[in-house]
Every structure is written in C-alpha cells, then in structure tokens.
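Student: In the numbering used here, the protein residues as written are 3 to 243.
First, the structure itself, so that you have it in front of you.
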C-alpha cells in the first residue's frame, strides 16, 4: 500500500522482503505469485528473499544492504516489521513466557491469579495479533476472574480481511494443510489476478482464500464458519452469483 502511494506521487519505490512468499499468513505460494504479478503490472518492484542487514549512509540514508552485500540505492527507508508481544513485565515478574505470555485454557498464567489476554498472550502454542483473538481471549479471562475456572478458551478460526493496492484479499481457517486428509480445490486466473482456494476435510470447508472477489470471500467465510457440508456443491463452490 505504501509503495503504491509513493509511486502515485512520482516516486520509484522498491519493496523488499526477506521471505519468498508475499503475505504468508494470508496466501499460499500460488496466491502469492498471482499477487506479485498484479503488483508488477502496476509498475511496483518487489524483491523477495532480500535480508536487509544495514541502512547505508553517514548522516542521511542512501540505501539498504543485504546479507549478501547487494545494495539498493534510495533516499528514504521505511520499515514495516509487524507485531511483537510486549512481555517484559511478565518476564520481570518471573511469569512463563515463550513468544507470548503463556496462558492455560482459563487464560491464567503460570502465576496464580494473574491472567493474560490479547496480543501479549500465547495459548496452546498459538499466538495471534488480530482483533478476534484479543476479544475472545479477553472475554474468557474476564469470566474466569469473576468466577474461577468457569470458562475455557477454545481458540478462534484465524481470519484476515484486507485490501492490497485495491485488491480484496480474505483468508480464513486452514489455508496450507500438510496432511493428505485434506482436499484442496483451487481456481486461478493470472490474467485477471484472481485466486480462490477451498480446503476441505470430511466434506466440510475448514479454510479458504479469496483474492480479487469480495462477494466470493463472504461466501467462503460463511461456509467455513458454519462448517457447511459441501459434498453436493464442489462444482459450484467458487460461484459468487
């Protein structure tokens, strides 16, 4: 988004990422390639697998340098690093911390009577920096503070909805299954820049990706959240009419 805005006012931005897949939390490899193609059609330059280790320049930035010694010249450097849990208070207090502050099914930490919820909390090895995770875990923590061990946290169906340079992107649930127990349906059109994916287990849609169609995204999201049996609708699962 920022690169597109800079280009729109006459700049020549270069977006770099140290990984090969764009938006790995929302897309698989194929979807990433289709999105990359769309960005390139807009005239945006994207370098993947570029691990920046240095901002060059004495008093002002004049570029960035990779771990392989490659340099990209530029007079403005913008860093986007995502979200990281602030766990310092917990660490200083001796509370167990991994990626986030570790909480049990009742959102209680390793310290009795101390609860954690939201972006700072890790549960069952899972961590999420999204609003549904924060609100769901906060409700459980609040209920258990009012009535000890009354409500268990059962996690959430991870989902993301955003726009990437005007393209609607939505993902929900399991999008990169690693077990043969899952069935994967895909519809891709590189020319149109659209990509749809449905992940099915036991005739139930458990995950989906929609790139380029907001109406279909809503349909797929509904199939996942309602745990819809799609045994009779595989051929029409990507129809948005």
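Beta carbons: idealized from backbone N, C-alpha and C, even for Gly.
Using the rule of at least 16 other Cβ atoms within 10 Å of the residue's Cβ for burial, across every protein chain shown, is residue 7 buried or exposed?
Tutor: Residue mapping note: residue 7 aligns to position 5 of the chain shown, counting from 1. So residue 7 ends up on the exposed side.
Student: Judging by CA-CA distance, which residue of 240, 120, 15 and 213 is the nearest neighbour of residue 28?
Tutor: Within the chain shown, the letter at position 26 stands for residue 28. The shortest Cα separation from residue 28 among 240, 120, 15 and 213 belongs to 213.
Student: Once the 5 residues before and after residue 226 are set aside, which same chain residues still bring their CB inside 7 Å of it?
Tutor: On the chain shown, residue 226 is found 224 positions in, with the first residue counted as 1. Once the five neighbours on either side are set aside, the close Cβ partners of residue 226 are 159, 174, 175, 207, 208, 209 and 210.
Student: Who are the near neighbours of residue 195 in its chain, counting only those whose CB is closer than 8 Å to its CB and skipping five residues on each side?
Tutor: Numbered from its first residue, the chain shown carries residue 195 at position 193. Closer than 8 Å at the Cβ level, and outside the excluded window around residue 195, lie 36, 37, 39, 40, 43, 169, 213 and 214.
Student: Would you say the segment 63 to 72 touches the segment 106 to 118, given that touching needs at least three Cβ pairs under 8 Å?
Tutor: No, because fewer than three Cβ pairs between the segment 63 to 72 and the segment 106 to 118 fall closer than 8 Å, the two stretches do not touch.
Student: Within 10 angstroms of the Cβ of residue 223, are there 16 or more other Cβ atoms? Answer buried if so, exposed if not.
Tutor: On the chain shown, position 221 is the one that residue 223 refers to. The residue in question, residue 223, is buried, as its Cβ has 16 or more Cβ neighbours within 10 Å.
Student: Are the CB atoms of residue 201 and residue 177 within a distance shorter than 9 Å?
Tutor: The residue labelled residue 177 in the question sits at position 175 within the chain shown. The residue labelled residue 201 in the question sits at position 199 within the chain shown. Against a cut-off of 9 Å, the Cβ pair of residue 201 and residue 177 comes out as a contact.
Student: Rounded to whole angstroms, what's the CA-CA distance from residue 85 to residue 130? Just pull it up for me.
Tutor: Against the chain shown, residue 85 aligns to sequence position 83. Against the chain shown, residue 130 aligns to sequence position 128. Looking at the two C-alpha atoms, the distance is approximately 9 Å.
Student: Of the residues 121, 149 and 143, which one's Cα is nearest the Cα of residue 136?
Tutor: The sequence position of residue 136 within the chain shown is 134, counting from 1. Ranking 121, 149 and 143 by Cα distance to residue 136 puts 121 first.
Student: Using DSSP's beta-bridge definition, name the partner residues of residue 186.
Tutor: Position 184 of the chain shown holds residue 186. Answer is 201, bridged to residue 186.
Student: With DSSP run on the structure shown, which of helix, strand or coil describes residue 156?
Tutor: By one-based count along the chain shown, residue 156 stands at place 154. Residue 156 falls in the coil class under three-state DSSP.
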